[in-house]
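> First the structure, which I've put down as structure tokens, then a few questions once you've had a look.
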Amino acid sequence: MQKMKVMMLSKCAPIETNPLKLTEIDRHEISKPNEILLKIEACGVCHSQLHGIEG
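Here the sequence shown is numbered in my numbering, starting from 52 and rising by one per residue.
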């Protein structure tokens with residue numbers, strides 16, 4: 052199975068402690084005709100999402 056890189060929240064913690072970790076997971080296999088797989092070039096996190104990350 053192919054792998055893909057993801058940013059995964061390891062735990063709720065202050066953003067200064069880097070709770071988002073770059074890791075690799077198994078890539079989802081497309082199994083239905085109405086599914087697509089998108090390649091994300093960049094993404095952002097808004098300030099309100101930081102509150103969720105920090106718990």
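Ideal placement from N, C-alpha and C gives every residue a C-beta, glycine not left out.
So Glu86 and Met55 are supposed to be a Cβ contact under 8 Å. How far apart are they, rounded?
About 15 Å; that fails the 8 Å criterion.
> Quick check: does the Cβ of Cys94 come within less than 7 Å of any heavy atom belonging to the ligand FMN?
Questions concerning the ligand FMN fall outside what the structure shown contains, since it holds no ligand whatsoever.
> By Cβ distance, which residues of its chain are closer than 7 Å to Ile57, with the 5 residues on each side in sequence left out?
Correcting the residue type first, residue 57 is Val in the shown sequence and not Ile. Thr74 and Ile76.
> What are the boundary residues of the beta strand (DSSP E) that Ile66 is part of?
Premise fails: Ile66 is in no beta strand (DSSP E) and is neither H nor E.
> Report all residues from its chain with a CB closer than 7 Å to the CB of Lys62; omit the five preceding and five following residues, and keep chain order.
These residues qualify, in order along the chain: Pro70.
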